[in-house]
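>
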Amino acid sequence: MDDKFLCGVILGMLGGAVLATNSAKARQMVKEGQAQVKEKLNDVGKQSSKNSQD
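Under the numbering used here, read the sequence shown as residues 413 to 466, first letter to last.
1. When the Cα atoms are used, what is the spatial distance from Lys443 to Lys437?
2. Asp414 lies in the alpha helix (DSSP H); which residues open and close that run?
3. How many angstroms separate the CA atom of Asn463 from the CA atom of Asp455?
4. Nearest-angstrom Cα distance between Leu431 and Gly424?
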């Protein structure tokens with residue numbers, strides 16, 4: 413990979429982490445996103461278990 417690209421990705425991740433830790437609104441958005449992902453995974457798990465029982 414290009415070194416500049418890799419440095420940019422790392423800086424972006426660090427910047428996002430700092431923003432999320434210092435902002436209540438950003439933390440709330442992260443929590444909501446995690447809840448949505450968990451809900452979708454549960455739905456997929458339920459659907460696959462129903463299909464395997466048939």
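Note that the Cβ used here is the ideal one computed from N, Cα and C, for glycine as well.
Taking the coordinates as given:
1. The residue labelled residue 443 in the question sits at position 31 within the sequence shown. The residue labelled residue 437 in the question sits at position 25 within the sequence shown. Cα-Cα distance, rounded: 10 Å.
2. Locating residue 414 in the sequence shown gives position 2, where the first residue counts as 1. Membership of Asp414 in any alpha helix (DSSP H) is not indicated, and neither H nor E is assigned to it by DSSP.
3. Residue 463 sits at position 51 when you count from the first residue of the sequence shown. Residue 455 sits at position 43 when you count from the first residue of the sequence shown. Taking the straight line joining both Cα atoms gives about 12 Å.
4. Taking the sequence shown and counting its residues from 1, the one referred to as residue 431 is at position 19. Taking the sequence shown and counting its residues from 1, the one referred to as residue 424 is at position 12. Each residue's Cα considered, the two are about 10 Å apart.
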